[in-house]
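*Asks:* My questions all concern the structure below.
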Amino acid sequence: MKIQTDDVRKAARRVYQQTLSWQGWGLQQALLLQRRFQPKARGRERFVPTSYGLVRVLEYGFDSPEPQPLFVDFHGGGIVIYTADQDDCVNTFLARRCNIKVVSIDYPKAPKARYPAPLEASYQVIQYYWNNAERLGVDRSCVGAGGYSAGGNLAAALQLMARERGDVAFAYQILVYPGLDMTIYSPERKGPGEAAPPKTAQLIRECCRALGGKASGGSVPRRVMEIFGACYYGGDPEKAKDPLISPLCAEPEQFRGQPPALVIVCGKDSLRADGVRYAARLREAGVSVRLLEFPAATHGFVIEDSHPVTRKARELMAEFISGLCKKEEQVICSGENHSMGKDGSV
Numbered sequence: 000m001k002i003q004t005d006d007v008r009k010a011a012r013r014v015y016q017q018t019l020s021w022q023g024w025g026l027q028q029a030l031l032l033q034r035r036f037q038p039k040a041r042g043r044e045r046f047v048p049t050s051y052g053l054v055r056v057l058e059y060g061f062d063s064p065e066p067q068p069l070f071v072d073f074h075g076g077g078i079v080i081y082t083a084d085q086d087d088c089v090n091t092f093l094a095r096r097c098n099i100k101v102v103s104i105d106y107p108k109a110p111k112a113r114y115p116a117p118l119e120a121s122y123q124v125i126q127y128y129w130n131n132a133e134r135l136g137v138d139r140s141c142v143g144a145g146g147y148s149a150g151g152n153l154a155a156a157l158q159l160m161a162r163e164r165g166d167v168a169f170a171y172q173i174l175v176y177p178g179l180d181m182t183i184y185s186p187e188r189k190g191p192g193e194a195a196p197p198k199t200a201q202l203i204r205e206c207c208r209a210l211g212g213k214a215s216g217g218s219v220p221r222r223v224m225e226i227f228g229a230c231y232y233g234g235d236p237e238k239a240k241d242p243l244i245s246p247l248c249a250e251p252e253q254f255r256g257q258p259p260a261l262v263i264v265c266g267k268d269s270l271r272a273d274g275v276r277y278a279a280r281l282r283e284a285g286v287s288v289r290l291l292e293f294p295a296a297t298h299g300f301v302i303e304d305s306h307p308v309t310r311k312a313r314e315l316m317a318e319f320i321s322g323l324c325k326k327e328e329q330v331i332c333s334g335e336n337h338s339m340g341k342d343g344s345v
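Per numbering that gives the first Met the number 0: the sequence shown = residues 0 to 345.
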C-alpha cells in the first residue's frame with residue numbers, strides 16, 4: 000500500500016503532540032507538588048457535581064445568607080497548571096471590599112481533561128450556583144465572571160456559551176491579561192526579557208531546562224505555549240480557530256449583547272495585544288468596555304502582592320464590580336482607555 004506524504008506528516012504531528020502532552024503532564028505534577036508547601040487558601044471548599052466529576056470550588060463571603068452579587072473567578076496557568084488557591088488574595092479582597100460572594104473554580108486540567116472538559120465543567124458549576132441562587136444567597140441580577148491569563152480565556156468563552164444557550168445571564172466580565180488567540184503568535188508578544196515577574200520567570204526557566212528548552216529574562220517560550228496548546232486542544236491549528244478555544248475568532252454577532260467588560264493589560268506582557276484586540280472587538284459590537292493598561296507591569300502582577308501597582312489594579316476591579324452591582328454611577332463607557340503610571344495613577 001502506498002503511503003501518502005500527508006499521512007506521514009499527520010502521523011508525525013500526532014506523535015509530536017503526544018510528546019508535548021506528556022511533557023505538560025510532567026510540568027503539571029511538578030508544580031502541584033510545589034504548591035503543597037504553600038499556605039492554604041482562605042476560601043471555603045465545596046465540591047460541585049458535574050458530568051465530568053466533582054469539581055472543587057473555593058467560596059468567599061458565603062457566611063451571609065442574604066442575597067449578594069456573585070463573581071466567578073478563573074485562575075491562570077495555561078489550563079494545565081496551578082489551582083484556584085493562587086487567586087486567594089484577590090478573591091478575599093474583592094469579597095470584603097465589594098460585599099459580594101466569590102467562587103473560584105478549580106476546573107479540570109489538561110491533558111487529563113482536554114477541551115471541552117474544563118470549559119463545560121466550569122459552565123455546569125456556574126449553572127449550579129445559578130439554579131440554587133436562593134438557597135446559596137446569590138443575587139442572579141449581578142453574576143459576573145472573570146479570569147487571569149488562561150482563566151481570562153475561559154471567562155471569555157463562557158460569555159459566548161451563555162449568550163448562545165441563554166440559561167445563564169452574566170452582568171459583567173473582567174479579563175485580566177487574557178490569552179484569547181491560540182491561532183497565532185502576535186508580533187507584539189515579547190521575546191526574552193521582562194514578560195513575567197521574577198518568581199514566575201525563575202519557575203519558567205527551570206521548567207524549560209527540564210524540557211530541554213531555553214528561556215531567559217522571564218519570557219514564556221513558544222515551546223511552553225505549544226505544550227499548553229497540545230495538552231488542552233491537541234495543538235491542531237484548525238481546531239484552534241474554534242471561538243471557544245480562541246474567543247478572538249468569534250464572529251461579530253457573537254460579541255453583540257455581551258455584558259460590560261473590564262479588560263486589564265500589561266505593557267511588559269506577551270499577551271498584551273490579545274486584550275487590546277478583544278476590547279476593540281467588543282466595542283465594535285456596541286459593548287461597554289473599560290480598557291486599562293499598566294505600562295510597567297508584567298504578566299501575573301495582579302496576584303503578586305509585591306508589585307507596586309497591584310493594589311491599584313485590585314481597587315479598580317472592585318470599583319468596576321461595585322459600580323455595576325450596586326447600581327451606582329457607571330464606571331465604564333464604550334470608548335474608555337486608561338494608561339496607568341508606574342505608581343498606579345491615571
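Quick reminder that beta carbons are idealized off the backbone N, C-alpha and C, glycines included.
1) Can you tell me whether L157 is buried or exposed? The criterion is at least 16 other CB atoms within 10 Å of its CB, across all chains shown.
2) Assuming D105 contacts R55 (C-beta within less than 8 Å), just tell me the rounded distance between them.
3) Under three-state DSSP, which class holds A40?
4) Can you tell which of G274, A296 and S103 has the C-alpha that lies nearest to the C-alpha of Y128?
5) Tell me the DSSP secondary structure of T182 in three-state form.
6) For R313, which three-state DSSP category applies?
7) Quick one: what does DSSP say Y176 is sitting in, helix, strand or coil?
8) Express the C-alpha separation of E65 and P115 in angstroms, rounding to a whole number.
9) In the DSSP output, what is G145 paired with across the bridge?
10) When we look at the beta-carbon of L348 and count the other beta-carbons within 10 Å, is it buried (16 or more) or exposed?
11) Under DSSP, the beta strand (DSSP E) around F293 begins and ends at which residues?
12) Round the Cβ separation of I125 and V167 to the nearest angstrom and send it over; I've been treating them as touching at under 8 Å.
13) When you compare the stretch 144-160 with the stretch 245-262, are there three or more beta-carbon pairs, one atom per stretch, that lie closer than 8 Å?
14) Locate the beta strand (DSSP E) running through L261, then write down its first and last residues.
15) For A83 and chain B, any beta-carbon pair shorter than 7 Å?
*Replies:* This is what the structure gives:
1) Around the beta-carbon of L157, 16 or more other beta-carbon atoms lie within 10 Å, marking it buried.
2) Indeed, because the Cβ distance is near 4 Å, the residues count as touching under 8 Å.
3) In this structure, A40 counts as coil in the three-state DSSP scheme.
4) Selected option, being the one with the closest Cα: S103.
5) In this structure, DSSP gives T182 a state outside helix and strand, which the three-state scheme calls coil.
6) Looking at R313 - three-state DSSP - the assignment turns out to be helix.
7) Y176 falls in the coil class under three-state DSSP.
8) C-alpha separation (whole angstroms): 34 Å.
9) According to DSSP, G145 bridges with D72 and I173.
10) Within the shown structure, residues of the chain are numbered from 0 to 345, placing residue 348 beyond reach of any answer.
11) Where F293 is concerned, the enclosing beta strand (DSSP E) starts and stops at V288 to T297.
12) Contact check for I125 and V167: beta-carbon distance about 6 Å, within the 8 Å limit, so the pair qualifies.
13) By the Cβ criterion, the stretch 144-160 is in contact with the stretch 245-262, since at least three pairs of Cβ atoms, one from each stretch, lie closer than 8 Å.
14) L261 -> beta strand (DSSP E) spans A260 to K267.
15) Among the chains of the structure shown, chain B does not appear; only one protein chain is present.
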